[in-house]
Amino acid sequence: MKTHVEVQRELERLERLVPHIISDQGDRAEEILGFHVASLLGSASLSDQGFVREHTAQMVQRCRKAQDQAAARGLRGGPMAARPQLA
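Sequence positions in the sequence shown follow our numbering and run 1105 to 1191.
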């Protein structure tokens, strides 16, 4: 079980990681963040789980926005749509 201080540090690390997740995996950013959050929730005490959810909600929104933008670029024929499709 992680202490409250360890949970806070892990949340800070995730906050710093989110921009990198978005830039590297924009269309899967929420899924990847979800994996990290689930891991943190699994090691946090019950009393800290609400704290984790509260603090990750904004990160999830940023990831969703990035996914929406990646999808919109694909629909408009942007750089993602120009990639060759493998059969």
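Glycine included, each C-beta is placed from N, C-alpha and C at the ideal position. Note that the structure is a prediction, hence the values are computed from the model and not measured.
Span of the alpha helix (DSSP H), counted from its first residue to its last, around residue i
| i | result |
| --- | --- |
| V1147 | Per the sequence shown, the amino acid found at residue 1147 is Ser instead of Val. It spans 1133-1147 - the alpha helix (DSSP H) in which S1147 sits, taken as one unbroken run. |
Among the options, nearest to residue i - alpha-carbon criterion
| i | options | result |
| --- | --- | --- |
| A1170 | V1122, E1116, F1139, H1159 | V1122 |
| R1113 | D1152, A1175, S1127 | D1152 |
| R1166 | I1126, L1115, A1174, H1108 | I1126 |
| R1168 | R1177, G1178, A1133 | A1133 |
| H1108 | L1150, R1120, G1178 | L1150 |
Buried or exposed (CB count within 10 angstroms, at least 16 for buried), residue i
| i | result |
| --- | --- |
| G1181 | Confidence in G1181 is poor, its pLDDT being 47 and thus under 50, which makes the residue's placement unreliable; the coordinate value appears in the next sentence. G1181 is exposed by the Cβ-count criterion. |
| G1130 | buried |
Any non-hydrogen atom of the ligand SAM within 7 Å of residue i CB
| i | result |
| --- | --- |
| G1130 | Ligands displayed in this structure: none; no statement on the ligand SAM is therefore possible. |
8 Å Cβ shell around residue i - same chain, five flanking residues per side excluded
| i | result |
| --- | --- |
| L1118 | L1137, H1140, V1141, L1144, T1160, M1163 |
Cβ-based neighbour list, residue i, same chain, cut-off 7 Å, excluding 5 preceding and 5 following
| i | result |
| --- | --- |
| A1148 | K1106, V1111, V1156 |
Close Cβ partners of residue i (< 6 Å) along its chain, the five nearest in sequence each way excluded
| i | result |
| --- | --- |
| H1124 | none |
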